[in-house]
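Asker: Those protein sequences? They're chains P and S, same order as listed. Here the first sequence stands for residues 28 to 271, where the numbers follow the numbering used here. Here the second sequence stands for residues 28 to 271, where the numbers follow the numbering used here.
Protein chains: 2
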Amino acid sequence: MKQNIYDNDIFFNSYISMRKTGVTYNDFVEQPAIKSTISSLNGKTVLDLGCGNGQFSKYCVDNGALKVTSVDISKNMIELAKKENNHDKIDYICTPIEDLEVKNQKFDIIISSLMAHYIEDYTRLIEKIVSLLNTNGEFIFSTEHPIVTARKEMNNWIIDGDGNRLHWGLDNYQEEGKREEHWYIEGVVKYHRTISTLINTLINSGLVLEKIIEPQAIPIGLEKMPKLEDEKRRPSIIVIKARK
Amino acid sequence: MKQNIYDNDIFFNSYISMRKTGVTYNDFVEQPAIKSTISSLNGKTVLDLGCGNGQFSKYCVDNGALKVTSVDISKNMIELAKKENNHDKIDYICTPIEDLEVKNQKFDIIISSLMAHYIEDYTRLIEKIVSLLNTNGEFIFSTEHPIVTARKEMNNWIIDGDGNRLHWGLDNYQEEGKREEHWYIEGVVKYHRTISTLINTLINSGLVLEKIIEPQAIPIGLEKMPKLEDEKRRPSIIVIKARK
Chain P
28 MKQNIYDNDI FFNSYISMRK TGVTYNDFVE QPAIKSTISS LNGKTVLDLG CGNGQFSKYC
88 VDNGALKVTS VDISKNMIEL AKKENNHDKI DYICTPIEDL EVKNQKFDII ISSLMAHYIE
148 DYTRLIEKIV SLLNTNGEFI FSTEHPIVTA RKEMNNWIID GDGNRLHWGL DNYQEEGKRE
208 EHWYIEGVVK YHRTISTLIN TLINSGLVLE KIIEPQAIPI GLEKMPKLED EKRRPSIIVI
268 KARK
Chain S
28 MKQNIYDNDI FFNSYISMRK TGVTYNDFVE QPAIKSTISS LNGKTVLDLG CGNGQFSKYC
88 VDNGALKVTS VDISKNMIEL AKKENNHDKI DYICTPIEDL EVKNQKFDII ISSLMAHYIE
148 DYTRLIEKIV SLLNTNGEFI FSTEHPIVTA RKEMNNWIID GDGNRLHWGL DNYQEEGKRE
208 EHWYIEGVVK YHRTISTLIN TLINSGLVLE KIIEPQAIPI GLEKMPKLED EKRRPSIIVI
268 KARK
């Protein structure tokens, strides 16, 4: 299944309102971690898989990237990206990653921000990425942390009668596969994979693991969104960097 | 602190009685995973760090190892090893890993079974291991899984009034360091480290990550110890293989 929640109007509008505030998890946890792992964008060709509103693609160009190819399944998102982050060095393409065909071109850097957990066939995704990467190229991606996706019953802060977060509930770790949760709309589908699957698949596809980050909030984030303190209690995402 | 719980008589006797049954977590989960990752022992020199009763050292010799150097902090354990698993190809040495000095010798394979979580300075441990490994040598180790060591309040099955295991409690993930628990005796000290620390330290020390296993029980284990079903709900340990 190629899930396209971002073209659901209720989801899209809620998501956009949230992102517009500039006070989000992405701004204070995920994006700083992704950006910290890139050695240099200067003169590099970049493939941005699941580019959303194009903010990161624009960041790449602003930091010296030669050319950015930016892909998203959502028409809504690609329209928004073309409006808000248009640039002659960025090509926006609206297609599911699974169907992406790039001919006669490979990339120095492939980035994928919080997209992999929506993809059912992870092995195929990674094999495709490896085939699109130049030798010595970098693949950097973030995905929901297995600690967060494991339990089938999602939203796992275990809360007492007064609403205090007692601990994080974990279960079903070895049962990989579909997880459904409510996120603005019912039935958003994600795929749980173990740490070993996430990493061994990269290695088995010929990549060399360079770094793992389980990011916490940057200081300004803790100030503006105090609930990000909870990232110390359990990681929400994992950022992985590997090289071909 | 160099912890030596195995020379506490109460601990040692309880531990030995448990291991003697042959119906243990080590027999059905940990050892099969460790053994499955070794490419070949044939003609190899092996360093067994935290060798305990020498069972695994003996396994190495029985499977073709040229020479095994086996190290443990516990006098009790080394005495037992010399009694039960003596062999002219095995050298048993009683010393804390931190103080181990091996001169003019490197190894093809270094193994460490469920020892690393007792060591306070993980970076120094890994650097020492890298310095003792031949080029292209393998380092394989098991350690308690960060999911299991994270919450400061240990023994984390959250149980309802009828004793049912509801889920696993996780917390304090990003706070690395000392954890104390009751295991036969009070105050057994372990060190919690995140997945990223476990793995990045290897990479930063010059090793190439080859494989991660979060093992489940082998079939005979599930038959003889039905509670090992719970390994599907959360992994107890992680096995990591890296190459120099």
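Positions of the beta carbon are idealized from the N, C-alpha and C atoms, including for glycine. All values derive from a computational prediction rather than experimental measurement.
So what does DSSP say about SER67 of chain S, is it helix, strand or coil?
Answerer: Counted from its first residue, the second sequence places residue 67 of chain S at position 40. Note: SER67 of chain S maps to coil in three-state DSSP.
Asker: Any idea what DSSP makes of THR162 of chain P, helix, strand or coil?
Answerer: If you number the first sequence from 1, residue 162 of chain P lands on position 135. Here THR162 of chain P sits in strand by DSSP.
Asker: To the nearest angstrom, how far is it from the Cα of LYS5 of chain S to the Cα of ARG206 of chain S?
Answerer: Chain S is shown from 28 up to 271; residue 5 of chain S falls before or after that span and cannot be answered.
Asker: Using a Cβ-Cβ cutoff of less than 6 Å, which residues in the same chain neighbour ALA244 of chain P once the five nearest sequence positions on both sides are dropped?
Answerer: On the first sequence, residue 244 of chain P is found 217 positions in, with the first residue counted as 1. Closer than 6 Å at the Cβ level, and outside the excluded window around ALA244 of chain P, lie PHE55, VAL56, LEU255 and GLU258.
Asker: Using 10 angstroms around the beta-carbon of ASN131 of chain P, count the other beta-carbons present and answer buried if the total reaches 16, otherwise exposed.
Answerer: What you label residue 131 of chain P is simply residue 104 of the first sequence in a count that begins at 1. The residue in question, ASN131 of chain P, is exposed, as its Cβ has fewer than 16 Cβ neighbours within 10 Å.
Asker: Exposed or buried, GLY49 of chain P, counting other C-beta atoms within 10 Å across all chains shown (16 or more means buried)?
Answerer: Position 22 of the first sequence holds residue 49 of chain P. The residue in question, GLY49 of chain P, is exposed, as its Cβ has fewer than 16 Cβ neighbours within 10 Å.
Asker: Measure the beta-carbon distance from GLY77 of chain S to SER140 of chain S and round it to whole angstroms, keeping in mind my assumption that it falls under 8 Å.
Answerer: Along the second sequence, read from residue 1 onward, the residue named residue 77 of chain S stands at position 50. Along the second sequence, read from residue 1 onward, the residue named residue 140 of chain S stands at position 113. About 6 Å; that satisfies the 8 Å criterion.
Asker: Against ILE138 of chain P, what residues of chain S qualify as contacts under a CB-to-CB distance less than 8 Å, listed in chain order?
Answerer: Counting from 1 along the first sequence, the entry for residue 138 of chain P is found at position 111. By Cβ distance, chain S contributes nothing, its closest Cβ being about 19 Å from ILE138 of chain P, past 8 Å.
Asker: At a CB distance below 8 Å, what residues from the segment 213-228 of chain S approach chain P? Give them in sequence order.
Answerer: Answer set for the segment 213-228 of chain S: THR221, ILE222, SER223, ILE226 and ASN227.
Asker: In three-state terms, what does DSSP make of ARG206 of chain P?
Answerer: As a first step, residue 206 of chain P must be located in the first sequence, where it is residue number 179. The answer is strand: DSSP assigns ARG206 of chain P an E or B state.
Asker: Taking C-beta pairs closer than 7 Å, name the residues in chain S that GLN243 of chain P reaches, listed in chain order.
Answerer: Counting from 1 along the first sequence, the entry for residue 243 of chain P is found at position 216. Simply GLN201.
Asker: Run through DSSP, which three-state label would GLU241 of chain S get?
Answerer: For the purposes of this step, residue 241 of chain S is taken as residue 214 along the second sequence, with counting starting at 1. Of the three classes helix, strand and coil, the one that applies to GLU241 of chain S here is coil, per DSSP.
Asker: Provide the residue(s) that pair with GLU57 of chain P in DSSP beta bridges, ordered along the chain.
Answerer: To locate residue 57 of chain P, count along the first sequence from 1; it is residue 30. In DSSP, GLU57 of chain P forms no bridge with anything.
Asker: Counting only Cβ pairs nearer than 9 Å, list the residues of chain S close to LEU236 of chain P.
Answerer: Locating residue 236 of chain P in the first sequence gives position 209, where the first residue counts as 1. In chain order: ILE226, ILE230, VAL235 and LEU236.
Asker: Taking all protein chains shown into account, decide if HIS209 of chain S is buried (16 or more other Cβ within 10 angstroms of its Cβ) or exposed.
Answerer: Position 182 of the second sequence, counted from the start, is the residue given in the question as residue 209 of chain S. Flag for HIS209 of chain S reads exposed.
Asker: Which chain P residues sit within Cβ distance under 7 Å of HIS194 of chain S?
Answerer: The sequence position of residue 194 of chain S within the second sequence is 167, counting from 1. Simply ARG178, GLY196, LEU197 and ASP198.
Asker: I want to see whether chain P comes within less than 8 Å of ILE146 of chain S, judged by CB atoms only; does it?
Answerer: Walking along the second sequence from the start, residue 146 of chain S turns up at place 119. For ILE146 of chain S, the answer is no, since every Cβ of chain P falls outside 8 Å of its Cβ.
Asker: Could you tell me how far apart the beta carbons of LEU74 of chain P and LEU159 of chain P are, in whole angstroms, since I believe they sit closer than 8 Å?
Answerer: The residue given as residue 74 of chain P occupies position 47 in the first sequence. The residue given as residue 159 of chain P occupies position 132 in the first sequence. Sure, about 6 Å apart at Cβ, within 8 Å.
Asker: Nearest-angstrom Cα distance between ILE43 of chain P and LYS116 of chain P?
Answerer: Counting from one through the first sequence, the residue named residue 43 of chain P turns up at place 16. Counting from one through the first sequence, the residue named residue 116 of chain P turns up at place 89. Whole-angstrom Cα-Cα distance: 24 Å.
Asker: Compare the C-beta of PRO262 of chain S with all C-beta atoms of chain P and state if any pair is closer than 8 Å.
Answerer: In the second sequence, residue 262 of chain S corresponds to position 235, counting from 1. So yes, PRO262 of chain S belongs to the interface.
Asker: Could you confirm whether any beta carbon from chain S is found closer than 8 Å to the beta carbon of ILE124 of chain P?
Answerer: As a working mapping, residue 124 of chain P is identified with position 97 in the first sequence. Taking Cβ atoms only, chain S never reaches closer than 8 Å to ILE124 of chain P, which makes this a no.
Asker: Between which two residues does the beta strand (DSSP E) holding ALA108 of chain P run?
Answerer: Counting from 1 along the first sequence, the entry for residue 108 of chain P is found at position 81. Premise fails: ALA108 of chain P lies in the alpha helix (DSSP H), 102-111, not in any beta strand (DSSP E).
Asker: Entirely within the segment 128-204 of chain S and at least 4 residues each: give me those alpha helix (DSSP H) ranges in chain order.
Answerer: Counting whole runs of 4 or more residues, the segment 128-204 of chain S contains the alpha helix (DSSP H) stretches 149-159 and 173-176.
Asker: Quick check on DSSP: helix, strand or coil for GLY248 of chain S?
Answerer: Counting from one through the second sequence, the residue named residue 248 of chain S turns up at place 221. In the structure shown, GLY248 of chain S sits in a helix (DSSP, three-state: H, G or I).
Asker: Cutting at 6 Å between CB atoms, please list the residues of its own chain near GLU165 of chain S, excluding the five before and the five after it.
Answerer: The residue labelled residue 165 of chain S in the question sits at position 138 within the second sequence. Same-chain partners within the cutoff: ILE136 and ARG270.
Asker: Hey, quick one: how far does the alpha helix (DSSP H) through TYR86 of chain P stretch, first residue to last?
Answerer: As a working mapping, residue 86 of chain P is identified with position 59 in the first sequence. Here the alpha helix (DSSP H) through TYR86 of chain P covers 82-89.
Asker: Among P:TYR211, P:THR150 and P:GLU241, whose alpha-carbon lies nearest the alpha-carbon of ASN40 of chain P?
Answerer: Translated into positions along the first sequence, residue 40 of chain P becomes position 13. Comparing Cα positions, the closest option is P:TYR211.
Asker: Taking C-beta to C-beta, are ILE264 of chain P and PRO242 of chain P nearer than 8 Å?
Answerer: Against the first sequence, residue 264 of chain P aligns to sequence position 237. Against the first sequence, residue 242 of chain P aligns to sequence position 215. The answer is yes: Cβ separation under 8 Å.
Asker: Can you list, in chain order, the residues of its chain with a C-beta nearer than 7 Å to that of LEU236 of chain S? Leave out the 5 residues immediately preceding and following it.
Answerer: Translated into positions along the second sequence, residue 236 of chain S becomes position 209. So the qualifying residues of the chain are ILE226, LEU229, ILE230 and ALA269.
Asker: Is the shortest distance between the beta-carbon of ILE239 of chain P and the beta-carbons of chain S less than 8 Å?
Answerer: In the first sequence, counting from the first residue as 1, residue 239 of chain P sits at position 212. Yes, because at least one Cβ of chain S sits closer than 8 Å to the Cβ of ILE239 of chain P.
Asker: Starting from the beta carbon of LYS259 of chain S, find every residue of chain P whose beta carbon is closer than 8 Å, and list them in chain order.
Answerer: Here residue 259 of chain S refers to the residue found at position 232 when the second sequence is read from its first residue. Those are ASN199, TYR200, GLN201 and GLU202, listed as they occur along chain P.
Asker: Three or more C-beta pairs under 8 Å: does that hold for the segment 112-128 of chain P against the segment 175-183 of chain P?
Answerer: As far as the Cβ criterion goes, the segment 112-128 of chain P does not touch the segment 175-183 of chain P, which means the pair count is below three.
Asker: For GLU111 of chain P, is the classification buried or exposed, using 16 other Cβ atoms within 10 angstroms of its Cβ as the cut-off for buried?
Answerer: Translated into positions along the first sequence, residue 111 of chain P becomes position 84. Per the 10 Å Cβ criterion, exposed.
Asker: Among residues of its own chain, excluding the 5 on either side of ALA310 of chain P, which ones have a beta-carbon nearer than 6 Å to its beta-carbon?
Answerer: Residue numbering for chain P in the displayed model covers 28 to 271; residue 310 of chain P lies beyond these limits and cannot be assessed.
Asker: Would you kindly work out how many angstroms separate the C-alpha atoms of SER232 of chain S and THR162 of chain S, rounded to a whole number?
Answerer: Along the second sequence, read from residue 1 onward, the residue named residue 232 of chain S stands at position 205. Along the second sequence, read from residue 1 onward, the residue named residue 162 of chain S stands at position 135. Using only the alpha carbons, I get a separation of about 13 Å.
Asker: In the DSSP assignment, find the unbroken alpha helix (DSSP H) run with LEU76 of chain S in it and report its ends.
Answerer: Stepping through the second sequence from its first residue, residue 76 of chain S is reached at position 49. Segment 72-76 is the beta strand (DSSP E) holding LEU76 of chain S; no alpha helix (DSSP H) there.
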